[in-house]
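**Q**
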Ligand code: S3P
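In UniProt numbering, the protein residues as written are 7 to 178.
1. Examine the ligand S3P and report whether any of its heavy atoms sits within less than 7 Å of the Cβ of residue 92.
2. Does the Cβ of residue 22 lie closer than 7 Å to at least one heavy atom of the ligand S3P?
3. List, from N- to C-terminal side, the alpha helix (DSSP H) runs of 4 residues or more that fit wholly inside the region 128 to 159.
4. Kindly provide the ranges of any beta strand (DSSP E) runs that are 3 or more residues long and lie completely inside the region 64 to 117, ordered along the chain.
5. What are the boundary residues of the alpha helix (DSSP H) that includes residue 18?
6. Which same chain residues, not among the five before or five after residue 55, have their C-beta less than 8 Å away from its C-beta?
7. Is it true that the CB of residue 25 sits closer than 8 Å to the CB of residue 166?
8. Give a single yes or no on whether residue 129 has its beta carbon closer than 7 Å to a heavy atom of the ligand S3P.
9. Can you look up residue 24 in the DSSP assignment and give me helix, strand or coil?
10. On the three-state DSSP scale, how would you describe residue 10?
11. Roughly how many angstroms lie between the CA atoms of residue 13 and residue 80, to the nearest whole one?
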């Protein structure tokens, strides 16, 4: 581990539905650190939902705002940040996270993700599409980037607290 590892913000990356926000919030509580959800920060900054940003301005515009918001959230303070599933796939955003934070890839099989995304239908990339096949395609396209994170934690079908324990173990 680089010696400043324990002072860096922890940034959770991985596909939609893997539990970045829930796991991130609980991880932050266990470490007594602040938690920030980057997608929520983007919605606040834009004054509209992510679906509306995609619909009105397109994905490229969303990615641009996403990068700026994540750059602002990585401010030298130790905290836990959950990112949207596409953030770490963008070269500039990924470079920023790798350079200044500790990236943790939360990984799960597409069928586990598909089950979990059913609970919320606000994701523009899944709208009107079959969740399992879309998530399988995204895993195929994106796992090579997520793999670049220095820490990998697989959540299988485990409850989120088990995943939090696995992250804490991987960080030791
Ligand atoms: C996206 C994931 C979403 C959100 C946007 C795009 C993606 O975040 O940022 O809908 O490209 O995978 P979650 O991973 O929190 O669902």
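Heads up, the beta-carbon is just placed ideally off N, CA and C, and yes, glycines get one too.
**A** Result, derived from the coordinates:
1. yes
2. yes
3. 137 to 152
4. 86 to 88, 108 to 113
5. Segment 16 to 19 is the beta strand (DSSP E) holding residue 18; no alpha helix (DSSP H) there.
6. 49, 128
7. yes
8. yes
9. coil
10. coil
11. 12 Å
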